[in-house]
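So the structure is just underneath, and the comments pick up after that.
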Amino acid sequence: MTTATLSPNTAPAARWIHELALPCAKYPQGMQGILSITSFTRRGPVTAAYTVDPIRDGGRIVGWHLENLDNGQTYDIDHVSWGWSGAECTCGSCVFGHRACKHVLATRAALETTGGIL
Ligand SMILES: [Zn+2]
Numbered sequence: 021m022t023t024a025t026l027s028p029n030t031a032p033a034a035r036w037i038h039e040l041a042l043p044c045a046k047y048p049q050g051m052q053g054i055l056s057i058t059s060f061t062r063r064g065p066v067t068a069a070y071t072v073d074p075i076r077d078g079g080r081i082v083g084w085h086l087e088n089l090d091n092g093q094t095y096d097i098d099h100v101s102w103g104w105s106g107a108e109c110t111c112g113s114c115v116f117g118h119r120a121c122k123h124v125l126a127t128r129a130a131l132e133t134t135g136g137i138l
């Protein structure tokens with residue numbers, strides 16, 4: 021018998037609960053996204069829901085603002101300065117761990133499924 025184990029290094033799983041929409045004819049103000057992020061920790065999978073909003077400089081999207089709906093913690097992702105491969109988030113994993121965190125990996129993966137954003 022084999023037992024499947026999840027590596028703590030497994031990339032987080034991202035799933036839109038409510039897909040984000042940028043301003044368009046249908047949604048002139050755009051629509052806030054709600055993203056479910058499951059990270060695979062040593063203690064097992066942990067899932068949390070986050071709101072996702074674009075951060076704008078003028079009309080240009082320069083990052084993403086996430087808010088954890090369970091605890092209110094907020095995170096800002098900068099994917100412009102260094103591109104997605106060097107994207108930085110304001111959470112401890114990025115600031116102190118200097119590596120892509122679950123917010124960056126999950127937000128990128130989710131946005132890639134959303135037409136016309138990335
Ligand atoms: Zn983060």
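The sequence shown begins at 21 in the working numbering and counts up by one.
For glycine and all other residues, C-beta sits at the position ideal for the given N, C-alpha and C.
DSSP three-state label for Arg119, please. coil
Quick check on the burial criterion: 16 or more other C-beta atoms within 10 angstroms. Buried or exposed for Ser105? exposed
Have a look at Ala31 and Asp77 and give me their C-alpha separation to the nearest angstrom. 30 Å
Using the Cα positions of Gly112 and Pro43, report the straight-line distance between them to the nearest angstrom. 31 Å
Ser56 versus Ile75: straight-line alpha-carbon distance, rounded: 19 Å
Report yes if the CB atom of Leu138 is closer than 8 Å to the CB atom of Glu132, and no otherwise. yes
Supposed close pair Gln52, Thr71 - CB separation, criterion 8 Å: 6 Å
Proximity test, Val124 beta-carbon vs ligand 1 heavy atom, cut-off 7 Å: yes
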